[in-house]
Amino acid sequence: MNVTKKEASWGALLIIALASFIVALDATFMNVSISQVVADLNTDVSTIQMIMSFYTLITAAFMLLSAKLQDIVGKKKLFLIGTALYGVGTFTASISANSTMLFIGWSVIEGVAGALMLPATVSLISGTYSGEKRTVALAIVGVMGAVAAAIGPLFGGIMTTFLSWRYGFATELIIVFIILIMRNKIPNFEPTESREDLDITGAIISFIGLVLLVQGVLSLSKDFTTSIIIIVLGLVALVIFGLFETRRKRNGDVPLLDMDLFKDRNLRTGTLILLLSFLSMGGALFAISLYLQSVLQLNAFDTGLTTLPMTIGLLIFAILAPSLTGKLSHKKVMAVGCIMAIIGCLMLSYQFRLDTTIWTLLPGLLVLGAGLGFIMALCTDISLINIPKKNENNASGVLTTTQTLGESMGTAIIGIILILGVI
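Reminder that position 348 of the sequence shown reads as 459 in our numbering, one-by-one numbering, no gaps.
Written out as structure tokens, the structure is:
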């Protein structure tokens, strides 16, 4: 790593936070634009929903491989490759003439690019900053995905209502150019392993396991029995992957994922908390957006505007959380966040009525967002606190995969609950 004074500045954080933001934004801003996309591309709703699902699927499936490629290619170089590829994908999506072109640009190219970028966002921050600066930087980057997901409906609503969904992708392309122009703000990190160390077999097994797991989760609300079978097969594949990686390390070879990482209690607990946090946020956003559009008949813009208090709560309390760790431990601040999130959910549970307005939902959304902000801001930092530098890339892959899976599970599980409630 080349050490210079500018590495300690917040320039690198700004760039990495922007990258985290646009990758997460891509997963939600089109949710309110489906009908317009269907009309513009002369296709059907199921095709667009499939394209959206594949974006999440591909991003999650390549995450562990991407985490290991940081060791072989170098985390900054891989991050910039992913960013440039993301630019190609978002440009292709913005000029799509048909659903096939949208699938290639959005689902495939952007999906792979997002997988290359996300693990690097965590490991770059962890490698660039230390002490209190690291806590603050990880808090901001850690919550950017949640903020992007929460603000996605409003952003998509504005684009669709006043311009076009194509401008959503164009906006991301502008941010990609900003990242590439300011790339020198990010310090260089030399590769620590060679191409010969890449575990191809492990990569294939993990890919199959993650594809099956995420696909099963995404289709839960459509065919419950088949989805459970697919999820079980995915879990079996991931167990096989874990056993294979353990054996590979025992034989003296470099594993794709060092399973010994999970001996660290902080990483295990932090991963679980991160999963539940994004599951809660994804589920809440889905349920509230569905209620606002289906029951109250709000348009895309008004739906996004209604969920804005959750975004504000997330951002404010995520920024506030690191300053509280000087007086309270990470665990206590996160515990307070859990209590606040539960209170926010309870407040919202009494507001789903025909006379519900934006103002009646505001307090519950704000409290829920604030609680999640406390949790998400510190979860990554506490998860990595005992992880050696050489294993940070691996651990970042685990955390970002968990985040993607949590968002997907939230939507799917709430969908099942709503279906059961109707029945």
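Built from N, CA and C at the ideal position, the CB exists for glycine as well. Computed from a prediction, not measured in an experiment: that's the story for all the values here.
The beta carbon of PHE173 is closer than 8 Å to those of GLY222, VAL223, ALA226, LEU227, PHE318 in its chain, skipping five residues each way along the sequence.
Here DSSP, grouped into helix, strand and coil, assigns TRP121 to coil. The three-state secondary structure of TYR461, taken from DSSP, is coil.
Rounded to whole angstroms, LEU265 and THR211 show a C-alpha spacing of 26 Å. The beta carbon of VAL219 lies closer than 7 Å to those of ILE169 in the same chain, with the five residues before and after it left out. When rounded, the separation of the alpha-carbon atoms in ALA259 and ILE133 is 7 Å. Pairwise C-beta distances place the region 388 to 398 in contact with the region 480 to 491, as three or more of them are shorter than 8 Å. Taking the CA atoms as reference points, ILE454 sits about 11 Å from LEU477. Here LYS186 is buried, its C-beta having at least 16 other C-beta atoms within 10 Å. VAL247 is classed as buried because its beta carbon has at least 16 other beta carbons within 10 Å across all chains shown. Annotated as proximal: LYS179 and LEU367, with beta-carbon spacing under 7 Å. Boundaries for ALA208: no alpha helix (DSSP H) harbours it, and the DSSP string shows neither H nor E there. Here CYS456 has SER391, ALA395, GLY475, LEU479 as same chain residues with Cβ atoms under 8 Å from its own Cβ, once five neighbours each way along the sequence are excluded. Around the beta carbon of VAL287, a 10 Å sphere encloses 16 or more other beta carbons of the protein chains shown; the residue is thus reported as buried. For GLN181, the enclosing alpha helix (DSSP H) begins and ends at 174 to 184.
In the three-state reduction of the DSSP assignment, GLN326 falls in the helix class, which pools H, G and I. Inter-residue distance for LEU309 and VAL444 is about 39 Å (C-alpha atoms, whole angstroms). Along the length of the region 242 to 290, whole alpha helix (DSSP H) runs at least 4 residues long occupy 242 to 273, reported in chain order.
In terms of Cβ geometry, PHE397 and GLY279 do not form a close pair [threshold 7 Å]. Between the beta-carbon of ILE127 and that of TRP217 there is about 22 Å, and that puts the pair past the 8 Å contact cut. Taking C-beta atoms under 8 Å as the contact rule, TRP276 and SER400 fail to qualify, at a distance of about 16 Å. Counting C-beta pairs closer than 8 Å gives three or more between the region 510 to 517 and the region 228 to 237, which meets the contact rule. The distance from the Cβ of LEU349 to that of GLY320 is about 4 Å, consistent with a contact at the 8 Å cut-off. Taking C-beta atoms as the reference points, ALA138 and VAL254 fail to come closer than 7 Å. Rounded to whole angstroms, the separation of the alpha carbons of ARG358 and LEU284 is 43 Å. Where TRP470 is concerned, the enclosing alpha helix (DSSP H) starts and stops at 469 to 495. Across the structure, SER177 and ALA250 are spaced so that their CA atoms are roughly 22 Å apart. With contacts defined as CB atoms closer than 7 Å, SER237 and LEU378 fail to qualify as a contacting pair.
CA-to-CA, the gap between MET370 and ILE183 works out to about 19 Å.
For the options LEU465, GLY437, SER338, the alpha carbon positioned closest to that of SER405 is the one of LEU465. By the neighbour-count criterion, in which a residue is buried when 16 or more other Cβ atoms sit within 10 angstroms of its Cβ, ILE159 is buried. In the structure shown, ASN377 falls within a helical segment according to DSSP collapsed to helix, strand and coil.
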